[in-house]
Amino acid sequence: MFKVLQESTNEIASADKTKTLPEQIKALINAEKVVLFMKGNSDFPQCGFSANTSGILRQIGVPFKTFNILNDPEIRQGLKEFSNWPTFPQLYVNGQLVGGNDIVNEMFQNGELQTLVK
Numbered sequence: 003m004f005k006v007l008q009e010s011t012n013e014i015a016s017a018d019k020t021k022t023l024p025e026q027i028k029a030l031i032n033a034e035k036v037v038l039f040m041k042g043n044s045d046f047p048q049c050g051f052s053a054n055t056s057g058i059l060r061q062i063g064v065p066f067k068t069f070n071i072l073n074d075p076e077i078r079q080g081l082k083e084f085s086n087w088p089t090f091p092q093l094y095v096n097g098q099l100v101g102g103n104d105i106v107n108e109m110f111q112n113g114e115l116q117t118l119v120k
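Under my numbering, the first residue of the sequence shown carries the number 3, and numbering increases by one thereafter.
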């Protein structure tokens, strides 16, 4: 299993290393309806794109969990290959990749993101 650090941050602390890498990634993606793989966490983002994406999710009031890809190089690299998406943050909703900061921002501006996460 994985651990949540604090309920206030909703950060997933680590992946279940007893599983294969693809199984770890799938478990993380499905940990919540909305999961954001980012640099840092929503309380302490470590890049502007991650800060923006987590800020959008907070603004629309959707519950979400984060995973700090800086703490797990194996997940970081594996997720790039799994999703065929080379950059972070990566937002997943209902187990499906939505995209990175630019896509999330565009979807937020036109109302698609709010509809998707309901």
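Backbone N, C-alpha and C fix where the C-beta goes; we use that ideal spot for every residue, glycine too. All values reported here derive from a predicted model rather than from experimental measurement.
| query | Along the chain, where does the alpha helix (DSSP H) that runs through I62 open and close? | reply | G50 to I62
| said: Please classify T20 as buried or exposed, where buried requires at least 16 other C-beta atoms within 10 Å of its C-beta. | reply: exposed
| task | Classify F46 as buried or exposed, calling it buried when 16 or more other Cβ atoms lie within 10 Å of its own Cβ. | result | exposed
| C-alpha distance - S16 paired with V119, whole-angstrom precision | 24 Å
| So, are the CB atoms of N43 and N70 less than 7 Å apart? | yes
| request: Quickly, what does DSSP pair P47 with across the bridge? List them, please. | output: G42
| message | Could you tell me the alpha carbon to alpha carbon distance between Q79 and N86, rounded to whole angstroms? | response | 10 Å
| message | With distance defined between alpha-carbon atoms, name the residue in T117, E114 and I105 nearest to S52. | response | I105
| task | Specify, as a first and last residue, the run of the alpha helix (DSSP H) that G101 falls within. | result | G101: not part of any alpha helix (DSSP H); member of the beta strand (DSSP E) spanning Q98 to G101, first to last residue.
| query | For E9, which residues of its own chain have a beta-carbon under 7 Å away from its beta-carbon, when the five flanking residues on both sides are left out? | reply | At E9, the pLDDT of 43 sits below 50, so the modelled position is not reliable and the matter cannot be decided from this model.
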